[in-house]
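Below is one structure; the comments refer to it alone.
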Amino acid sequence: MKRELAILLVIGVALVGMAGAANYMYEKANIKGVGYKNVEIIIQTQPGLNGNKLVEKESGSGNVITQRTEIEAERDPFGPWCCNEPCGSEYNSTTPGPCIIEGWNDPCCCVDYINFNKEAEFEYMPVSYQTGTYDQKWIEKLCVQNYYIGAVVVEMYTHAEHLQKNTEVKTRRDCGVWDPEGCGSDGCFGCGNCTGALEANFNSNVIGVAHIGWLSKDVMVNCKGRHYEWGRSVEDLTGVFSIEKFIQLWGNGTCGEVQVDWLPCI
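Position in the sequence shown (from 1) plus 323 gives the number in my numbering.
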């Protein structure tokens with residue numbers, strides 16, 4: 324009897340630990356000051372080469388006139404798969420993900436996204452404290468990947484003497500629901516099913532070096548085991564520039580409206 328109670332207690336603790344996993348992440352920051360600053364942010368919604376991923380690196384010395392950052396992310400605890408299989412007798416352990424709801428649906432396709440907003444202005448100058456002298460021009464690097472649709476966006480500034488930027492990036496997975504009534508004879512799935520979107524809006528003024536680019540590749544491999552490349556854009560700027568760029572990379576069948584920022588910061 325005591326052994327059975329001990330086993331039940333261990334199972335209960337394990338379930339509580341699973342339920343308490345940090346599937347939702349949020350951070351909001353507002354920083355001003357003078358000195359040396361070094362920040363690194365890494366977020367992923369799925370392990371390995373799956374899900375949505377974001378990496379940001381920022382460092383430099385001088386005047387931090389303003390910096391407002393807001394990050395929100397939520398991961399699908401059931402994994403990166405989209406089931407879209409009928410629950411019941413045909414659903415077995417070999418199918419990725421759990422089956423929860425009876426009927427035609429996609430129970431294991433939950434929300435999976437990262438939203439990133441940053442408004443910042445930096446001025447470079449050397450600073451000296453008792454801990455040492457810091458002399459580094461500003462570096463801002465941002466890379467966002469969406470493995471659901473094979474899309475990546477990069478925004479990078481280096482050797483920046485002055486940098487004023489407003490960046491908004493959203494990457495997500497979109498999941499539709501099986502609708503046998505409205506699908507038609509081709510057996511298609513609901514709008515936005517098992518696909519996703521990556522959208523970026525860049526608005527910056529920089530004295531230094533800027534690098535902005537995006538890449539779109541097929542998530543499936545060809546007969547040679549390679550991913551077809553459908554498009555890319557790479558832009559490198561050195562000098563004094565004002566940059567406004569909107570990037571939208573959607574998976575096949577993604578629903579929604581195109582929303583371009585018509586009132587940018589100046």
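Note that beta-carbon positions come from the ideal geometry of N, C-alpha and C, so glycine has one too. From a predicted model like this one, the values you see are computed outputs, not experimental measurements.
- Across the structure, L538 and Y452 are spaced so that their CA atoms are roughly 43 Å apart.
- Between the alpha carbons of K540 and R549 lies a gap of roughly 10 Å.
- Shown here for E397: same chain residues with a beta carbon closer than 8 Å to its own, the five before and five after excluded, namely N346, Y347, M348, T368, V434, D435 and Y436 in chain order.
- Of the other Cβ atoms in all chains shown, 16 or more fall within 10 Å of the Cβ of L521; this residue is therefore buried.
- Y471 is classed as buried because its beta carbon has at least 16 other beta carbons within 10 Å across all chains shown.
- Annotated as proximal: N440 and E393, with beta-carbon spacing under 8 Å.
- Here DSSP, grouped into helix, strand and coil, assigns I530 to strand.
- For D497, the uninterrupted beta strand (DSSP E) run begins and ends at A474 to D497, by DSSP.
- V434 is bridged by DSSP to nothing; it lacks a bridge partner.
- In the DSSP secondary-structure assignment, D559 is bridged to H534.
- For M348, the uninterrupted beta strand (DSSP E) segment begins and ends at Y347 to Q367.
- Of the candidates G574, S565 and E567, G574 places its Cα closest to the Cα of W553.
- Annotated three-state conformation of Q390 is strand, per DSSP.
- Cβ contact annotation for K376 (same chain, cutoff 6 Å, sequence separation greater than five): Q367 and Q468, in chain order.
- Distance from the CA of V532 to the CA of G562, rounded to the nearest whole angstrom, comes to 6 Å.
- Close CB contacts of H485 within its chain, under the 6 Å cut and outside five residues either way in sequence, are with E446 and I530 (chain order).
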